[in-house]
Amino acid sequence: MDIGIEIYSLCKELFPINRSITGDGVRETLSIIKREIPELHISEIDTGSQCFDWIVPQEWKCEVAYIIDPEGNKICDFSQNNLHVVGYSESVDKSMTLDELEEHLYSLSELPDAVPYITSYYKRRWGFCISDTERKLLKKGKYKVYIRSDLFDGSLTYGEVLIPGNTREEIFFSTYVCHPSMANNELSGPAVVTSLVKYIKSLKNRRYSYRVIFIPETIGSIVYLSKNINTMQKYMVAGFNVSCVGDDNDYGYLPSRTGKTVSDKVAVHVLNHQVLNYTKYSFLQRGSDERQYCSPNVNLPVSCITRSKYGEYKEYHTSLDNLDFISPSGLAGAYKVYARVIELLEHNYAYKPILFCEPQLGKRDLYPTLGVRDRKDDFVQNMLNFLAYCDGALDLIEVADEIKVPAWELFEIINVLLENKLIERV
Numbered sequence: 059m060d061i062g063i064e065i066y067s068l069c070k071e072l073f074p075i076n077r078s079i080t081g082d083g084v085r086e087t088l089s090i091i092k093r094e095i096p097e098l099h100i101s102e103i104d105t106g107s108q109c110f111d112w113i114v115p116q117e118w119k120c121e122v123a124y125i126i127d128p129e130g131n132k133i134c135d136f137s138q139n140n141l142h143v144v145g146y147s148e149s150v151d152k153s154m155t156l157d158e159l160e161e162h163l164y165s166l167s168e169l170p171d172a173v174p175y176i177t178s179y180y181k182r183r184w185g186f187c188i189s190d191t192e193r194k195l196l197k198k199g200k201y202k203v204y205i206r207s208d209l210f211d212g213s214l215t216y217g218e219v220l221i222p223g224n225t226r227e228e229i230f231f232s233t234y235v236c237h238p239s240m241a242n243n244e245l246s247g248p249a250v251v252t253s254l255v256k257y258i259k260s261l262k263n264r265r266y267s268y269r270v271i272f273i274p275e276t277i278g279s280i281v282y283l284s285k286n287i288n289t290m291q292k293y294m295v296a297g298f299n300v301s302c303v304g305d306d307n308d309y310g311y312l313p314s315r316t317g318k319t320v321s322d323k324v325a326v327h328v329l330n331h332q333v334l335n336y337t338k339y340s341f342l343q344r345g346s347d348e349r350q351y352c353s354p355n356v357n358l359p360v361s362c363i364t365r366s367k368y369g370e371y372k373e374y375h376t377s378l379d380n381l382d383f384i385s386p387s388g389l390a391g392a393y394k395v396y397a398r399v400i401e402l403l404e405h406n407y408a409y410k411p412i413l414f415c416e417p418q419l420g421k422r423d424l425y426p427t428l429g430v431r432d433r434k435d436d437f438v439q440n441m442l443n444f445l446a447y448c449d450g451a452l453d454l455i456e457v458a459d460e461i462k463v464p465a466w467e468l469f470e471i472i473n474v475l476l477e478n479k480l481i482e483r484v
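First residue of the sequence shown? That's 59 in the numbering used here, and the numbers climb one at a time after it.
Laid out in structure tokens, this is it:
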């Protein structure tokens, strides 16, 4: 199956599930991902657990929610669109006037046909989300509002898979599984990462180990860090927070806090050579779990490669971020970029020459033996340039940046030079 269609199919399967930062929606989502990744280990962290400055919240379960207008019509029906209810709304069953109801309604005047996504995780309230067009048609009169939900002690759920390599050094991928029916902002991340895990598992003789987690945003990363920070700080070489990677728009790149990590270096190199256009953002424009991974006392080398970045496209956090907004081609493009990142990290060694001065390539059939004025072919020129810069201090990506070629175009050259005992790996 085409990789884009495979990833899109998983998004489509996961789309209807009502997810939040806790609860059965997360568990159902992770159980489907575990079907694709049998090694996925699912953990439950009890309500009330202290994790740094945060406490694991209660679980929330919403069963039924709707409004009955003065004419008896059911509107804002949770069973039709799970964005209609403010996340973590408490139960309500009462009649009220339109003026009273308006205090609990949320819409977007700038996107009149969109239902917004609103949450209230840490303050008790209730509310409904509605398109602005429908809101303006509401008439004076009595409205019945009904939400049957429950907040109770339970647990927070996350999934992780650890794929061993030849070293303890780790590459890290994080994505989240806590938003309801939104395609780019939510499902593109875990769907692409699921396929990346399959790709990583297919790699023979892996250099690095891989730590991959599926978590609820913010509280999930804080919980996970509180349990694994020492190991992550000791072994992580590069990390990526994967979100909003499903549409056909240009790519985006959000650096780590310093912008000088291996994650940044490999992301920029791949984007410079593999995509037509991308927007480089500032860490001041952060907004996902890189906030936790790059915070000063954590200080992990995590950056983000996106398509339409969260908060930067009009459909973000609305019902317009649907399955029509993402595409198999958009998902496949992001997958191929991240797969290239993995491939390049696996090959990113430093090399140094064995001989003094330029080696005599001609006697090894690596250089034309007839001198002509025409420019040397690209393979020979790239070989000579690589030899000029592989001093043992610069790694492969840095050499490729210096000689202005994609690093993967040097893989064959490196193999030839190693076979001829002209260079050695540092």
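Just so it is clear, CB atoms sit at the ideal spot from N, CA and C, and this is done for glycine as well.
query                                                                                                                                                        : result
So Asp104 is in the beta strand (DSSP E); what residue range does that whole segment cover?                                                                  : His99 to Asp104
For the pair the stretch 242-250 and the stretch 372-383, tell me if three or more CB-CB distances fall below 8 Å.                                           : yes
Please classify Trp184: does DSSP put it in a helix, a strand, or coil?                                                                                      : coil
Arg77 and Cys236 - do their beta-carbons sit closer together than 7 Å?                                                                                       : yes
According to DSSP, is Val430 helix, strand or coil?                                                                                                          : Bear in mind that the predicted position of Val430 carries a pLDDT of just 47, short of 50, making it too unreliable to give a figure here.
For Asp423, name the three-state secondary structure that DSSP assigns.                                                                                      : coil
Got a sec, what are the start and stop residues for the beta strand (DSSP E) Arg206 sits in?                                                                 : Lys200 to Phe210
Beta carbon of Thr215, beta carbon of Val84: below 7 Å?                                                                                                      : yes
Which class does Phe231 belong to by DSSP, given the choice of helix, strand or coil?                                                                        : strand
Mind checking which residues open and close the beta strand (DSSP E) that includes Tyr66?                                                                    : Counting along the chain, Tyr66 falls outside any beta strand (DSSP E), though it belongs to the alpha helix (DSSP H) covering Ile61 to Leu72.
Going by other Cβ atoms of all chains shown within 10 Å of its Cβ, with 16 needed for buried, is Val295 buried or exposed?                                   : buried
Indicate the three-state DSSP secondary structure (helix, strand or coil) for Ala392 in the structure shown.                                                 : helix
For Gln350, is the classification buried or exposed, using 16 other Cβ atoms within 10 angstroms of its Cβ as the cut-off for buried?                        : buried
Using CA atoms only, rank isn't needed, just tell me which of Val395, Ser361 and Asn140 is closest to Val320.                                                : Ser361
Between which two residues does the alpha helix (DSSP H) carrying Tyr447 extend?                                                                             : Asp436 to Tyr447
Using the Cβ count rule (16 or more neighbours within 10 Å means buried), how would you classify Asn473?                                                     : exposed
Pick out whichever of Ser189, Asn140, Leu413 and Gln138 has its Cα sitting closest to the Cα of Leu488.                                                      : Past the edges of the chain, shown from 59 to 484, lies residue 488, and the structure says nothing about it.
Out of Gly247, Pro426 and Ser67, which one is the CA nearest neighbour of Ser346?                                                                            : Gly247
Given a cut-off of 7 Å, decide if Leu156 and Cys187 are closer than it, judged by their beta-carbon atoms.                                                   : no
Since Ala325 and Ile271 should fall inside the 8 Å C-beta cutoff, what is the C-beta to C-beta distance between them, to a whole number of angstroms?        : At roughly 19 Å, the Cβ-Cβ gap does not stay under 8 Å, so Ala325 and Ile271 are not in contact.
Counting only runs that start and end within the stretch 319-345, where is the beta strand (DSSP E) found for 3 or more residues in a row?                   : 336-338
Looking only at C-alpha atoms, which of Trp112, Lys152 and Val356 sits nearest to Tyr179?                                                                    : Trp112
Answer with buried or exposed for Ser225, where buried requires no fewer than 16 other C-beta atoms within 10 angstroms of its C-beta.                       : Position check: residue 225 holds Thr in this sequence, whereas Ser was assumed. Thr225 should be labelled exposed.
Cβ atoms of Arg206 and Val143: under 7 Å apart, would you say?                                                                                               : no
Going by DSSP, which residues form a beta bridge with Arg193?                                                                                                : BP columns for Arg193 are empty, so no partner.
When we look at the beta-carbon of Lys410 and count the other beta-carbons within 10 Å, is it buried (16 or more) or exposed?                                : exposed
For Tyr266 versus Gly223, is the C-beta distance shorter than 7 Å?                                                                                           : yes
For the structure I just gave you, are there three or more beta carbon pairs, one from the stretch 416-424 and one from the stretch 82-100, closer than 8 Å? : no
So, using beta-carbon positions, are Tyr268 and Tyr204 closer together than 7 Å?                                                                             : no
Could you work out which residue in Thr80, Tyr336 and Leu445 is closest to Ile461 when comparing CA atoms only?                                              : Leu445
Are Ile487 and Leu329 close, meaning C-beta to C-beta below 7 Å?                                                                                             : With the chain covering only 59 through 484, there is no way to say anything about residue 487.
By how many angstroms is the C-alpha of Ile221 removed from the C-alpha of Gln108?                                                                           : 28 Å
Less than 7 Å separating the beta-carbons of Gly145 and Lys119?                                                                                              : no
Could you tell me the alpha carbon to alpha carbon distance between Tyr447 and Leu475, rounded to whole angstroms?                                           : 14 Å
From the DSSP output, read off the bridge partner residues of Glu218.                                                                                        : His99 and Ile271
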